[in-house]
Amino acid sequence: MGDVESQGRPADIDFDRPNSARIWNYWMGGKDNYPADQAAGDAVIAVFPGITTWARHARQFIIRSVRYMAESGVRQFLDIGTGFPTDQNTHEVAQEVTPEARIVYVDNDPVVLAHARALLTNTTNVGVTTYVDSDFRDIDRVIGMARGALNFDEPIGVMFMGSLGHVEDYDEALAIVRSYMDAVPSGSYLAHYEAINTDPVYRQALDDFNAEAGAAWGYYARTPEQIGQLFDGLELVDPGVVRLNQWRPNPAKVGNGQNIDVVSMGAVGRKP
Ligand SMILES: C[S@@+](CC[C@H](N)C(=O)[O-])C[C@H]1O[C@@H](n2cnc3c(N)ncnc32)[C@H](O)[C@@H]1O
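Following my numbering, the numbering of the sequence shown begins with 11 at its first residue and continues without gaps.
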């Protein structure tokens with residue numbers, strides 16, 4: 011079992027105010043949410059019911075992309091903006107393929123930190139799973155702490171799954187990704203998904219959500235081109251940047267919903 015790395019701040023958790031990670035958990039069909047989160051989540055569902063479909067497909071995309079990277083030989087993962095533990099977390103998927111896989115989770119939400127111990131349960135007695143409590147903008151700090159568990163001379167699967175959209179300024183988000191990818195060697199991967207802003211109904215729901223959320227946990231959708239640009243310089247894994255449910259879908263999964271227009275795109279790219 012790994013150690014929780016903390017900035018030493020108190021777990022200042024207010025259950026009467028909606029929280030971004032808990033709302034996402036609610037949309038995903040999870041149990042770690044409270045009436046305030048459900049009310050905020052329901053306000054979005056009322057305008058854009060497809061949000062729950064997206065949240066569920068997002069988890070399936072994470073599972074498929076982690077499995078892909080692990081089966082391609084990646085044994086180390088840096089999952090940045092990990093969110094709540096759920097039924098299939100990165101370490102469980104990776105360690106099922108490679109028992110000795112090493113995973114570092116990063117999030118800056120005290121509510122996620124409070125649940126981190128559940129994330130830290132290894133599925134093997136040889137793998138390493140650890141958690142860094144930090145803002146991912148503090149790149150030197152995150153990488154410095156991640157070095158305690160990961161070898162930056164060997165390939166790392168860098169994951170930004172639905173977390174980068176919390177950075178309002180796209181150029182800043184792009185620079186953050188570039189910095190992390192610069193720190194990892196050839197053979198590493200970037201796995202990423204984010205909301206796209208092409209559906210006017212979703213855009214309206216997001217505007218309403220952000221009016222409530224403010225700077226603290228606002229979320230910003232991107233153009234499909236912007237999502238693609240994050241992979242510049244990387245070798246895109248087939249089928250490239252697509253809607254999440256169209257990324258290497260598992261045909262055996264009932265209700266895979268390949269024909270649904272999920273409002274989110276993602277991809278996996280390999281650093282040459
Ligand atoms: C929409 S959730 C996605 C969770 C998970 N990756 C998934 O796809 O199910 C976004 C997560 O990013 C985290 N996050 C947002 N901004 C962050 C930041 N600046 N530093 C670290 N984590 C952040 C949030 O706390 C939240 O847990």
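By construction, the Cβ of each residue, glycine as well, lies at the ideal position given by its N, Cα and C atoms.
Are there three or more Cβ pairs, one per stretch, closer than 8 Å when the region 220-231 is compared with the region 159-169? Between the region 220-231 and the region 159-169 there are fewer than three inter-stretch CB-CB distances shorter than 8 Å, so the stretches are not counted as touching.
For ligand 1, I want to know if K171 counts as a neighbour, meaning its beta carbon is within less than 7 Å of at least one of the ligand's heavy atoms. For the purposes of this step, residue 171 is taken as the residue at position 161 of the sequence shown. Note on residue identity: the sequence assigns Met, not Lys, to residue 171. Yes; taking the cut-off as 7 Å, the Cβ of M171 has a heavy atom of ligand 1 nearer than that.
Given this structure, state the Cα-to-Cα distance separating L160 from E178, to the nearest angstrom. Residue 160 sits at position 150 when you count from the first residue of the sequence shown. Residue 178 sits at position 168 when you count from the first residue of the sequence shown. Looking at the two C-alpha atoms, the distance is approximately 29 Å.
Within the region 218-259, note down every full alpha helix (DSSP H) run reaching 4 residues or more, in order along the chain. Counting only runs of 4 or more, we get 234-239.
What residue does the beta strand (DSSP E) around Q86 start on, and which one ends it? Position 76 of the sequence shown, counting from 1, holds the residue named residue 86. In the DSSP assignment, Q86 falls within the beta strand (DSSP E) that extends over 86-90.
With DSSP run on the structure shown, which of helix, strand or coil describes M38? Translated into positions along the sequence shown, residue 38 becomes position 28. M38 carries a coil assignment under DSSP once its states are collapsed to helix, strand and coil.
Can we count S189 as close to ligand 1, meaning its CB is less than 7 Å from some heavy atom? Translated into the one-based positions of the sequence shown, residue 189 becomes position 179. For ligand 1, not one heavy atom lies less than 7 Å from the Cβ of S189.
According to DSSP, F170 sits in a beta bridge with which residue or residues? Here residue 170 refers to the residue found at position 160 of the sequence shown. As DSSP reads the structure, F170 sits in a beta bridge with I90, H202.
Excluding the 5 residues preceding and the 5 following F71 in the sequence, name in chain order all residues of the same chain whose CB lies nearer than 7 Å to its CB. For this step, residue 71 is matched to residue 61 along the sequence shown. Excluding sequence positions up to five before and after F71, its CB lies within less than 7 Å of the CB of Y203, L254, W257, G276, all in the same chain and listed in chain order.
Taking the beta strand (DSSP E) that V114 falls in, what are its first and last residues? Position 104 of the sequence shown, counted from the start, is the residue given in the question as residue 114. Segment 112-117, the beta strand (DSSP E) holding V114.
Please report how far the alpha carbon of R112 lies from the alpha carbon of D148, in whole angstroms. Counting from 1 along the sequence shown, the entry for residue 112 is found at position 102. Counting from 1 along the sequence shown, the entry for residue 148 is found at position 138. Computed Cα separation, rounded: 21 Å.
Within its chain, find whatever has a CB closer than 8 Å to the CB of Y36; leave out the 5 residues flanking it on each side and keep chain order. Residue numbering aside, residue 36 sits at position 26 when the sequence shown is read from its first letter. Around Y36: N43, D47, Q48, G51.
Straight-line CA distance for H101 to N132? In the sequence shown, residue 101 corresponds to position 91, counting from 1. In the sequence shown, residue 132 corresponds to position 122, counting from 1. In a straight line, the C-alpha of H101 is about 7 Å away from that of N132.
Between the beta-carbon of A215 and the beta-carbon of G175, is there less than 8 Å? In the sequence shown, the residue the question calls residue 215 occupies position 205. In the sequence shown, the residue the question calls residue 175 occupies position 165. At a Cβ-Cβ threshold of 8 Å, A215 and G175 do not count as neighbours.
My output table needs one value for S274: the three-state DSSP class, helix, strand or coil. For the purposes of this step, residue 274 is taken as residue 264 along the sequence shown, with counting starting at 1. S274 falls in the strand class under three-state DSSP.
For the alpha helix (DSSP H) that contains D52, what are its first and last residues? Stepping through the sequence shown from its first residue, residue 52 is reached at position 42. Where D52 is concerned, the enclosing alpha helix (DSSP H) stretches over 45-57.
For G197, which of helix, strand or coil comes out of DSSP? In the sequence shown, residue 197 corresponds to position 187, counting from 1. Coil, per DSSP.
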